[in-house]
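Be aware that the sequence shown starts at 0, since it is given in numbering that gives the first Met the number 0, and climbs by one per residue.
Note that the Cβ used here is the ideal one computed from N, Cα and C, for glycine as well.
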Amino acid sequence: MTVWLGLRWFFGSMIVAIMLWRALRRPGPRLGDVLLYGAIGVVSLWIIIDPSIVDRFLESGVGAVPLARLVVLLLCAQLVWLVMVLVLRERGHEQAARYAELVERTSAEVERGRGGADPALFKPIMVVMPAYREHENIAKVLEALPGSVGGRPVGAVVVVDGPDDPTVEVVRRFPQVVLLRQVVRIGSGAALRLGYRFCAEHGVDTVVSMDSDGQHDPHELSALLAPIAAGTHDVVVGNRALGGWEVESAWRYVGLHITGFLTRTVLGMGVWDCSNTYRAFRLSALMTLRLEEPQYHTLELVFKAHRAGLRMTEVPVRVLARHSGKSKKGGTLYYGYQFMKRFLRNL
Numbered sequence: 000m001t002v003w004l005g006l007r008w009f010f011g012s013m014i015v016a017i018m019l020w021r022a023l024r025r026p027g028p029r030l031g032d033v034l035l036y037g038a039i040g041v042v043s044l045w046i047i048i049d050p051s052i053v054d055r056f057l058e059s060g061v062g063a064v065p066l067a068r069l070v071v072l073l074l075c076a077q078l079v080w081l082v083m084v085l086v087l088r089e090r091g092h093e094q095a096a097r098y099a100e101l102v103e104r105t106s107a108e109v110e111r112g113r114g115g116a117d118p119a120l121f122k123p124i125m126v127v128m129p130a131y132r133e134h135e136n137i138a139k140v141l142e143a144l145p146g147s148v149g150g151r152p153v154g155a156v157v158v159v160d161g162p163d164d165p166t167v168e169v170v171r172r173f174p175q176v177v178l179l180r181q182v183v184r185i186g187s188g189a190a191l192r193l194g195y196r197f198c199a200e201h202g203v204d205t206v207v208s209m210d211s212d213g214q215h216d217p218h219e220l221s222a223l224l225a226p227i228a229a230g231t232h233d234v235v236v237g238n239r240a241l242g243g244w245e246v247e248s249a250w251r252y253v254g255l256h257i258t259g260f261l262t263r264t265v266l267g268m269g270v271w272d273c274s275n276t277y278r279a280f281r282l283s284a285l286m287t288l289r290l291e292e293p294q295y296h297t298l299e300l301v302f303k304a305h306r307a308g309l310r311m312t313e314v315p316v317r318v319l320a321r322h323s324g325k326s327k328k329g330g331t332l333y334y335g336y337q338f339m340k341r342f343l344r345n346l
């Protein structure tokens, strides 16, 4: 019995040591990590040393049940497994955000090494367009951009998301457009941040995010920019529910109204169409936000702008069908899953 008890203490202590090591091995360990792993280790040690504690706990509540100890231990193991999975998924999100930031900074340095963008191409208002394999669509979009809005010059930045993309050759036919490239493909959110970074470095006042596939009408720029020009708002979101939408999927139509109800009515953000990328920003306000999402980024910006106290409003805009090709966001089910995951993460 003494040997058996000693083995219990040994293996139980090993579990506690491993859990605390996992919590403390990272630089700047978090209190939450220490408490979580420490609690798992202590409870495991307790049960290993005195398994009958489970029986006493059950007898105090439901009485003696055959195999009850085994069932409870299995349920506890499943609960611990679920907690660990959720923790690891969150760690994975953090690592992805760090990787996206590294790619963004590296891409910026590579562009500067190429000589950087011509400062004369940056105007007070810049339209920033992420692009991946949009060589069949982007020329029509660039040709439709107005040269000025409300008497203020308008320029454009196209950020090609990844190397070896034929979109680059199409954009080069427009010498008035700033061309930037990500060193690896990582997502439209990271591409937009690279564009915002260069605009901020060149003293741009206002930026507009616009899709490069023809879904957003450049002639509606004046409506998006009006609240910012008036000095009443920092963020203006285009609302397709008010302006019109060539619906690609009935499920996306339903999803738009569900998330719109949640963000505007339940959470009180004042924004209904939180997934539309056709938006205008006062750049100085936008750069105060720490944006991390590399791909499904639309929700993150709305949530963080609301928390930061930025002034947001919506204006009606139309969202059209793509000129050609397929969306890079995936099918309806996959897009819905990714969107809701970001929604819950940003709550």
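- In the DSSP assignment, arginine 151 is bridged to Val148.
- Less than 8 Å separates the beta-carbon of leucine 241 from that of proline 315.
- When DSSP states are grouped into helix, strand and coil, glutamate 313 belongs to the strand group.
- Inside the region 186-270, DSSP marks whole beta strand (DSSP E) runs of 3 or more residues at positions 205-208 and 234-238, from first to last along the chain.
- Per DSSP, the continuous beta strand (DSSP E) segment holding alanine 279 begins and ends at 278-281.
- By the Cβ rule, the region 207-227 does not count as touching the region 178-185, because fewer than three pairs are nearer than 8 Å.
- Shown here, arginine 180 sits in a strand according to DSSP, grouped into three states.
- Counted as a single uninterrupted DSSP element, the alpha helix (DSSP H) harbouring valine 169 occupies residues 166-170.
- Under the criterion of beta carbons closer than 8 Å, glycine 269 and methionine 311 qualify as touching, at roughly 6 Å.
- Glutamate 292 places its beta carbon less than 8 Å from that of glycine 188.
- For valine 109, same chain residues with a beta-carbon under 8 Å away, outside a window of 5 residues either side, are Arg180 and Val182 in chain order.
- Here the alpha carbon of leucine 319 sits roughly 27 Å from the alpha carbon of lysine 303.
- In the DSSP annotation of this structure, the continuous segment of the alpha helix (DSSP H) that includes valine 140 starts and ends at 137-143.
- Shortest Cα-Cα distance from aspartate 216 to any of Glu142, Asp163 and Ala284 involves Glu142.
- Across the structure, glutamate 219 and valine 206 are spaced so that their CA atoms are roughly 14 Å apart.
- Between arginine 196 and alanine 307, the gap from beta carbon to beta carbon reaches 8 Å or more.
- Looking at Thr297, Leu261 and Ile185, the one whose alpha-carbon comes closest to that of valine 236 is Thr297.
- Judged by DSSP in its simplified three-state form, proline 293 adopts coil rather than helix or strand.
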